[in-house]
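Shown next, in structure tokens, is the structure this report addresses.
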Amino acid sequence: MRMENYMKRIEIGVGSLKGGLREFARVWRRAAAGDRLPEATPKVHFGSLAQLLSMLTPKRLELLDTVARKPECSIFAAELARSPSSSNSWVPRSPASSKPHS
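According to this note's numbering, the sequence shown is numbered sequentially starting from 61.
Here it is, written out as structure tokens:
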């Protein structure tokens, strides 16, 4: 895969589902009308700042930095290269899966 095909930017922020759906509908209408759309920037928005900060831990940011410097590398390979003894600590876990089994 050529380097031009890799994502160079991603927008991470806080926003509501309602706002995201409004933006999606606006772009959909423009596309349906035949408007030429600019290249989209991938976006990941969280419902609150607390939720965003809980997901973007220092370890996960380090992993994203590793992948950004070596775009030919997968996230899994980058994690292994960064920390061979890691036990997939970068994988987000749902609250239910982190509780001990009874």
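Even for Gly, the Cβ is constructed at its ideal location relative to N, Cα and C.
Pair within 8 Å by beta-carbon distance, residue i and residue j
{"i": "R69", "j": "T117", "result": "no"}
{"i": "K103", "j": "E71", "result": "yes"}
Residue i - DSSP class collapsed to helix/strand/coil
{"i": "E83", "result": "helix"}
{"i": "K103", "result": "strand"}
{"i": "S162", "result": "Any reading at S162 needs caution, since the residue's pLDDT is 45, under 50, leaving its predicted position unreliable; the model's value is listed next. Here S162 sits in coil by DSSP."}
{"i": "G73", "result": "strand"}
{"i": "K119", "result": "helix"}
Rounded Cβ spacing between residue i and residue j (contact assumed at less than 8 Å)
{"i": "L97", "j": "R90", "result": "6 Å"}
{"i": "L109", "j": "V74", "result": "5 Å"}
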